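The structure under discussion appears below in the form of structure tokens.
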Amino acid sequence: MIREDIPGLAHDRPMERVPALRARRLPWPAAALVILGAGTLLWIGILALIRWLA
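Every letter in the sequence shown is one number past the one before it in numbering that gives the first Met the number 0, and letter 2, counting from 1, is 1.
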């Protein structure tokens with residue numbers, strides 16, 4: 000069983016590298032959406048403070 004697990008791990012390592020490259024490509028639009036979402040929340044918060052103070 001151990002001898003079968005070692006080649007299995009050897010085969011899993013290159014398979015994990017490919018989704019790692021795909022995972023590196025996905026955060027670019029995800030990070031952009033997070034930045035846009037945070038920016039909109041900041042603007043909503045600033046406008047809410049201005050309206051609340053004014």
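Ideal placement from N, C-alpha and C gives every residue a C-beta, glycine not left out. No experiment lies behind these values; they were computed from the predicted model shown.
task: Check the Cβ-Cβ distances between alanine 37 and every residue of chain C, and say whether any is below 7 Å.
output: The structure shown contains no chain C; it holds only a single protein chain.
field: CA-to-CA distance, glycine 36 to alanine 30, given in whole angstroms
entry: 10 Å
query: Looking at the structure shown, is alanine 37 part of a helix, part of a strand, or coil, going by DSSP?
result: helix
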